[in-house]
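Input: a single structure, listed below in structure tokens.
Protein chains in written order, with my numbering: chain B, 1 to 484; chain P, 1 to 492.
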């Protein structure tokens, strides 16, 4: 569902397009051999090329090129076998060359499309306009001195992919789903770690509003948003701001705006008139990038199963619901965890345990999956104990609780605590007889047609056996006794 | 032992091999000559101590039987090549105090072959100019003077310091760079040989960039053979330069067979420009006659887009320069003139750091790339460039080399053209087309003007066919028998 803003003059529709900058997972920078790792001492990963010393020349990092092609394939996009690197010229203290090497008219990847996952298993297709490779700038540090700016060039030259969407999104939720999906795809592909906090992924958000059915309105771009939550807040604020302007009879100026998460508002950074003239032209230091079908096919052959394919397989082959499948494939690590649990076991039961108990515990304790004290193998063993009748589902939950706290193995906990399910028919029958004898009224009601009371008897028997009775065995004995 | 500075590289190599003199002696003689030639202002930085040290090491290598191709040969290095821990200025104030922590590939190749650096030579600021009048470090003076006239003349540019050092016998050879004629035109003005190799033959890594798609390092020396020997040492594939070409480097000296019988020499009719000076025209005809006499076949050819070359060049080169020079911003190295904020600091630094000609080209280049003008200027110029390259391609289906004058005139006086950029740019009219097409070319001294100044003829070849260019140049040199040298008036 699109977001509709009800204004005085009628409904307004929000139109959103995104440019996602994703840092390419690569050991070295786009055009130099220095490390692209995050978090090093300032200016410790800077080659003469990254610092734009006189006479230094860029040379392609083949790995980054492969990663861009891999990502393009993951976005179901056209791979351009001929592409060109251009210089985007502007002055800034943390841009050592005075230009950024990027791709302008002829990017490495052309049009593609992805499916985004919305609430209730609903999906939508969002168009990808292009993906191009470019180098990152350095970082200006304004807080090191009261009257000077320091520059850290560690990021200078780090390879980025800019993934540009069509203006296909109609609500903050869709934009969020899009970012999550892109993040999921690049993480599956191993082409970007998707870490928004470290700046490995950030988005420029274009927002405009229009009356439904009309042409696109004038858009504003909000730069460098590094959280999905802030992005949604920014879209809502910005869309409402534009509606207010238009309804007051004004016009929206095409401009670049900045979202201030502290104040929850956007403000103008520069107008269209103040926009840079980047004077793009092909970088004469680099030859056009050319490769053949064999290069693309080799990369295609190495592609992992991507979230959409995995989701379909979970639904069709494992019989999961679209919702469960969607939840399980969204994060590569979750899918891997689930598949390890479900390997050779009941898929639905495995899915329930991962989504229900595991996620519940992780959420409650604020842990990430990687930090889970219960690894996939251990959870699988717990499920095996349920399946072979050693413990009931209910006892299993207690065992899981203990596993999560102590990291112990399920079998050990069951053994230590004597939680092994009772399947001894003699013991169970004795317990049943006691329950029947203690509740003559209920037995009469049941026999009078109140079938629902069966649950009551089950509960009483389980209570009497401290939950250890095998529910199947209980049912098998209880039912004929009650039915008389 | 005689005056060692009067030897050529080939002869010095033989003398060193024969043990007639040492690299130390050869270097000492050149240091003396270099110091004596100070009035020419060819050098920005002299490195005599380093030279003596290098020569001593060279003698030791030779004693061990490890002599390289240029073992012990003292050379001057255009101050556009970055040299490790040695001031590198590009003749611009903007690079104040800049000492690179790296060595350009071309100079590293030279040192690997045993060459000795005498110092860094002057040039037009950032290689922009045709007369060496734009250097922050002052004009370079041509060792040549008009007969009976004591006025100083320009050495040409931008490799004017290289040319002046070689022509004044201060160095046996020098590196130059050629973007639109910056090796060939000064070679012509100073009576020496200058070779611009095919674009991609020599690495640009570590050479301060002017116009990346045109810049090409090359050798300047006093004979075709010396130039061939030098180029072989300088050239070679460099994985650090994406535009460098992965091809084997031939033995260029071996190409000097002296035999051009059957060689097809093209004479482009479009180079016979209106108003060409009669003595240039006569020299050209003389060159044609010499080639014919040596057994070459002379073929009239047409390069129809020649007349657009200069215009295209003066869009493309400044456009690339406007971007290449953006890195000189006062932030990391070189000159910084403080300001009240970042933009002010940029403006102050670049206003003070760049000279007038550089600023002119930055403005032209910035304009040519601007939104709304890009198609009309830069893109159009690139299309012209493609046409020009095609002209040559078609011509080389009929001929093996092309013979033209190098420059429209002999060396001129200071101030003659410095107020008229268009007149100055016209100096490159014969050299620019081959630059745009990336072709190899050489200027060979072929005669003296009526005023007693050297004049060069240019030979152009197919891409990566420097061998044929050298072979033809060797024959032309032999026929011209150019032995004139300037009087050493600068010694006072």
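Yeah, the Cβ is synthetic: ideal placement off N, Cα and C, and Gly gets one too.
Keep in mind that this is a model prediction, so the values were computed, not measured.
Comparing alpha-carbon positions, which option in 420(P), 26(P), 56(P) and 249(P) lies nearest residue 2(P)?
26(P)
Leaving out the 5 sequence neighbours to the left and right, which residues in its chain are closer than 7 Å to residue 215(P) when beta-carbon positions are compared?
177, 179, 204, 207 and 209
Residues that residue 51(B) contacts on chain P, provided the C-beta gap is smaller than 7 Å:
332
Going by C-alpha distance, which of 39(B), 397(B) and 371(B) is nearest residue 352(B)?
397(B)
Below 6 Å CB to CB, which residues in the same chain sit around residue 237(P) once its five sequence neighbours on both sides are set aside?
244 and 246
Are the CB atoms of residue 131(B) and residue 151(B) within a distance shorter than 8 Å?
no
Once DSSP output is grouped into helix, strand and coil, what is the label at residue 12(B)?
strand
With a cut-off of 8 Å, does the C-beta of residue 366(P) fall near any C-beta of chain B?
yes
Please identify the residue among 88(B), 44(B) and 66(B) whose C-alpha is closest to the C-alpha of residue 320(P).
88(B)
Of all Cβ atoms in chain P, is any one closer than 8 Å to the Cβ of residue 104(B)?
no
Comparing the C-beta of residue 270(B) with each C-beta of chain P, is any distance below 8 Å?
no
For chain B, find out if any of its Cβ atoms is closer than 8 Å to the Cβ of residue 329(P); answer yes or no.
yes
Assuming residue 476(P) contacts residue 432(P) under a Cβ cut-off of 8 Å, what Cβ separation, rounded to an integer in Å, is found between them?
Contact flag wrong, Cβ pair sits at about 21 Å.
Is residue 39(B) buried or exposed, if buried means 16 or more other CB atoms sit within 10 Å of its CB?
exposed
Contact check, residue 496(P) vs residue 471(P), beta carbons under 8 Å
Chain P is shown only over 1 to 492; residue 496(P) falls outside these bounds and no answer can be derived.
So, at 7 Å on beta carbons, what are the nonlocal neighbours of residue 281(B) in its own chain, with the 5 sequence-adjacent residues on each side left out?
86 and 87
Sub-8 Å separation of residue 222(B) and residue 234(B) beta-carbons:
yes
Rounded to a whole number of angstroms, what is the C-alpha to C-alpha distance between residue 421(P) and residue 378(P)?
20 Å
Is it right to say residue 349(P) is buried, meaning 16 or more other beta carbons lie within 10 angstroms of its own, or is it exposed?
buried
Taking contact to mean at least 3 C-beta pairs separated by less than 8 Å, is the stretch 103-116 of chain P in contact with the stretch 225-240 of chain P?
yes
Exposure of residue 142(B), with buried meaning 16 or more beta-carbon neighbours within 10 Å:
exposed
Exposed unless 16 or more other CB atoms sit within 10 angstroms - verdict on residue 489(P):
exposed
Indicate the three-state DSSP secondary structure (helix, strand or coil) for residue 23(B) in the structure shown.
strand
From this set, 278(B), 69(B), 258(B) and 45(B), which residue's C-alpha is nearest residue 270(B)'s C-alpha?
258(B)
If the cut is a Cβ gap below 7 Å, which residues of chain P does residue 178(B) touch?
Neighbours of residue 178(B) on chain P: none; closest Cβ ~30 Å, over 7 Å.
Sub-8 Å separation of residue 88(P) and residue 355(P) beta-carbons
no
Candidates 173(B), 283(B), 181(B) and 356(B), of which the one nearest residue 369(P) by Cα:
283(B)
Can you tell me whether residue 148(B) is helix, strand or coil according to DSSP?
coil
Could you have a look at residue 318(P) and say whether DSSP puts it in helix, strand or coil?
helix
With a cut-off of 8 Å, does the C-beta of residue 93(B) fall near any C-beta of chain P?
yes
Can a CB atom of chain P be found closer than 8 Å to the CB of residue 42(B)?
no
Give the range of the alpha helix (DSSP H) segment to which residue 332(B) is assigned.
332-342
Mind checking which residues open and close the beta strand (DSSP E) that includes residue 219(P)?
216-221
Starting from residue 381(P), trace the alpha helix (DSSP H) in both directions and tell me its first and last residue.
380-395
Would you call residue 172(B) buried or exposed, if buried means 16 or more other Cβ atoms sit within 10 Å of its Cβ?
buried
Consult DSSP for residue 346(P) and reduce its assignment to one of helix, strand or coil.
helix
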